[in-house]
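Notes follow once the structure below has been shown.
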Amino acid sequence: MIERDQELIAALTAADPIDLDAVPAPDRALLEEIMMTDPANSPRSTPVETPRRRTPVVAAAALMLVTGVGVGALALNDGSKAADPAATTARALTRAPIDPAPRTGLDPGGISTSCMVWDVTSLDLTAYAFDGTVTEIDNGWVTFEVGEWFKGPSGDLVTLNAEALTARDGGIATSVDELLITDVGQRLLVSGSDGFAGVCNQTQAYTAAEADAWRAQLST
Amino acid sequence: MPETAETHVIAPPDSRGRSFEAVYNAHYAKVWAYVRRRCASAADADDVSAQTWLAIWRRLDDLPEGRELPWCYGTARRCLANHRRGEARRVRLVALVARERVDDAERVPDVRSRLVLQALSTLRDGDQELLGLTAWEGLGVGDVAVVLGVSPSTVSVRLHRAKRRLARAVQELGDGGHTVGTAPEAKPGTSDQ
Chain E
1 MIERDQELIA ALTAADPIDL DAVPAPDRAL LEEIMMTDPA NSPRSTPVET PRRRTPVVAA
61 AALMLVTGVG VGALALNDGS KAADPAATTA RALTRAPIDP APRTGLDPGG ISTSCMVWDV
121 TSLDLTAYAF DGTVTEIDNG WVTFEVGEWF KGPSGDLVTL NAEALTARDG GIATSVDELL
181 ITDVGQRLLV SGSDGFAGVC NQTQAYTAAE ADAWRAQLST
Chain U
221 MPETAETHVI APPDSRGRSF EAVYNAHYAK VWAYVRRRCA SAADADDVSA QTWLAIWRRL
281 DDLPEGRELP WCYGTARRCL ANHRRGEARR VRLVALVARE RVDDAERVPD VRSRLVLQAL
341 STLRDGDQEL LGLTAWEGLG VGDVAVVLGV SPSTVSVRLH RAKRRLARAV QELGDGGHTV
401 GTAPEAKPGT SDQ
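Protein chains in written order, with the numbering used here: chain E, 1 to 220; chain U, 221 to 413.
Structure, rendered in C-alpha cells:
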C-alpha cells in the first residue's frame, strides 16, 4: 500500500504541469519596490474584510437543532483576529447585514453531539439560508460570497461563525456531521441563525437538486 | 530649463530589509512556481506572486523560523483565493485552468503521469491542493499543515483519503491495464468522508 502510494505520488510529481526551467529568477525591481513601501502604513486588510468583535462571549446556544450537547471545554475566548494581510485587491461587494457570532472557544475535542433528523422544513426555523461559495476561512469564521439568498437579507458577502464546521485540529464536525468547510471555493448551501453557519445538515454541500428543494421550501 | 539627470539614492536595507531580501531570494522561484501551478497564466502568476511578496513584507514579523517556505506558500494560497474571488471571475478561471491542464496533460510524455494528472483534475479542490503540495512542492506533513493552517494529524488523514480518491480516479479513468498506485477499494459499508 505504501509502495503504491509512493508510486502514485511519484507519477504525480512527474506530471508537474510547469516547466521548472522556465521559473523566473527573483525580480530585483519588485523586491526594491516592495521594500520601499512602509509596512506599518500599508493596508493590512481587504475592503471586504470580515468585521470582528473582541467581545468574549459564550454561545453554546448557537448549535441549533443539536441535542445532547456535551461541551467539555467552553472557554471564554478573545474573538479577535488579525486582518488578512494577503488581501490587497477585491471588487466592491456589499455585505449582508448579518454580524458573525464571536468565537465560542469550543475545544474541538471537548464536544459530542447528536443531530435531530433534518429535513427541508427545518429551514423554516432558520433566520437565513443561501447558496454561497467560501471565499475565506479564518480561525472559525467563514466568509461566503452569496450566489442566491433563499431567505434573509441581501448582500454579496456574509461572514458567519462556522467553528463547528471548520477542521481545526481535526474538526469537531467529524463527530457532528459529514460536512467540513476546508477550502476556499467550496460551494455550499448554508442556513443558520444568530451569526452562525448551522450544523447537522443546516449547512450542506451544494447540489442543484438540494438548492431547488431549499428554494421551493422557502418560496412557499 | 535644462534637463537634469535624476539621481536615485537607495539606502542600504536595515535588518528587516535584509531578512526580507534573504527570504525573497531564497524562495521567490518556489513561490512563483506554486502560484503558477494554480493560475491560468504566467501573467496571473506574476500578479499573485507580487501580491504575495507584498503581504509577506507586511507580515515579516510573523514569519516562523524554520518554516519560512510553507508560511510563504500559505500566504500565496490566500492571495490566490483573493485572486479568484468573484464568482464570474472564478468560473472563467476554472475554465481556463481546466483547459490549460488538458493542454499540460497533453504535453506530459509519460502515459502514467498523464493519466494521474487527468485523474487529479477530477478531485475536489482540497484534495488537489494536498496532493499538489506533496507531489509538486515536495512538502512533508508538517509543512503542509503550516500552509493549510491545520494540524499535522489532520493533514495525514486528509492526505491518506486524497491518495485513495486519486487512486480510485486513476482506476476509473483506466490506463490500458497499467494501473498506477491503485489502492484497494474501500470495504463495503465504509466511507472515508
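By construction, the Cβ of each residue, glycine as well, lies at the ideal position given by its N, Cα and C atoms. Predicted, not measured: the structure shown is a model, and the values here were computed from it.
Residue i lies in the alpha helix (DSSP H); which residues open and close that run?
i	result
SER371 of chain U	SER371 of chain U -> no alpha helix (DSSP H), and no H or E assigned at all.
ALA249 of chain U	235-257
ASP212 of chain E	208-219
GLY346 of chain U	345-355
ASP267 of chain U	262-278
ARG28 of chain E	28-35
For chain U, check one thing: does any of its Cβ atoms lie closer than 8 Å to the Cβ of residue i?
i	result
ALA15 of chain E	yes
THR203 of chain E	no
GLU136 of chain E	yes
ALA25 of chain E	yes
VAL142 of chain E	no
ARG100 of chain E	Here residue 100 of chain E turns out to be Pro, not Arg, going by the sequence shown. Not an interface residue.
LEU123 of chain E	no
THR207 of chain E	no
VAL184 of chain E	yes
THR94 of chain E	no
PRO233 of chain E	For residue 233 of chain E there is no data in the structure shown, the boundaries of chain E being 1 and 220.
LEU218 of chain E	no
LEU160 of chain E	no
LEU8 of chain E	yes
ALA11 of chain E	yes
ALA83 of chain E	Here ALA83 of chain E scores only 37 on pLDDT, less than 50, and its place in the model is too uncertain to base an answer on.
ASP119 of chain E	no
Helix, strand or coil for residue i per DSSP?
i	result
VAL331 of chain U	helix
ASN161 of chain E	strand
ARG95 of chain E	strand
GLY394 of chain U	coil
GLU7 of chain E	helix
THR133 of chain E	strand
LEU189 of chain E	strand
GLN202 of chain E	coil
VAL142 of chain E	strand
TRP149 of chain E	strand
THR126 of chain E	coil
THR121 of chain E	helix
TRP13 of chain E	First, the amino acid is wrong: residue 13 of chain E is Thr here, not Trp. In this structure, THR13 of chain E counts as helix in the three-state DSSP scheme.
THR166 of chain E	strand
VAL23 of chain E	coil
By a C-beta neighbour count over all protein chains shown, 10 Å radius and 16 as the cutoff for buried, is residue i buried or exposed?
i	result
ASP131 of chain E	buried
GLY140 of chain E	buried
SER219 of chain E	exposed
ASP156 of chain E	buried
ASP138 of chain E	buried
ARG28 of chain E	exposed
GLU349 of chain U	buried
GLU136 of chain E	buried
ASN245 of chain U	exposed
Under 8 Å, Cβ to Cβ, is there at least one residue of chain E near residue i?
i	result
SER239 of chain U	no
ARG385 of chain U	no
VAL366 of chain U	no
ALA263 of chain U	no
THR354 of chain U	yes
VAL243 of chain U	no
LEU291 of chain U	Here residue 291 of chain U is Trp; the residue named in the question, Leu, does not match the sequence. So, not an interface residue.
GLU218 of chain U	This structure cannot speak to residue 218 of chain U, because chain U is shown only from 221 to 413.
LEU464 of chain U	Only positions 221 to 413 of chain U appear in the structure, and residue 464 of chain U is not among them; the question remains open.
SER333 of chain U	yes
LEU337 of chain U	yes
GLU381 of chain U	One detail in the question is off: residue 381 of chain U reads as Arg in this sequence, not Glu. Chain E contact via Cβ: absent.
ARG256 of chain U	yes
LEU393 of chain U	no
8 Å is my cut-off, CB to CB: does residue i come that close to chain C?
i	result
TYR248 of chain U	Looking for chain C here will not work: the only protein chains present are E and U.
Problem - the region 280-289 of chain U / the region 238-248 of chain U touching (three or more Cβ pairs under 8 Å) - result: Taking 8 Å as the limit for Cβ pairs, the verdict is that the region 238-248 of chain U does touch the region 280-289 of chain U.
Handout entry: Sufficient close CB pairs (3 or more, under 8 Å) joining the region 121-135 of chain E to the region 181-193 of chain E
Key = Touching, yes, given that three or more Cβ pairs across the two stretches are closer than 8 Å.
Handout entry: the region 375-392 of chain U contacting the region 30-38 of chain E, beta-carbon criterion three pairs below 8 Å
Key = No, they do not touch.
Problem - Three-pair Cβ contact test at 8 Å for the region 264-282 of chain U versus the region 333-342 of chain U - result: Taking a cut-off of 8 Å on C-beta distances, the region 264-282 of chain U does not touch the region 333-342 of chain U, as fewer than three cross pairs fall below it.
Problem - the region 355-362 of chain U / the region 9-24 of chain E touching (three or more Cβ pairs under 8 Å) - result: Between the region 355-362 of chain U and the region 9-24 of chain E, the count of C-beta pairs closer than 8 Å reaches three or more; the two stretches touch.
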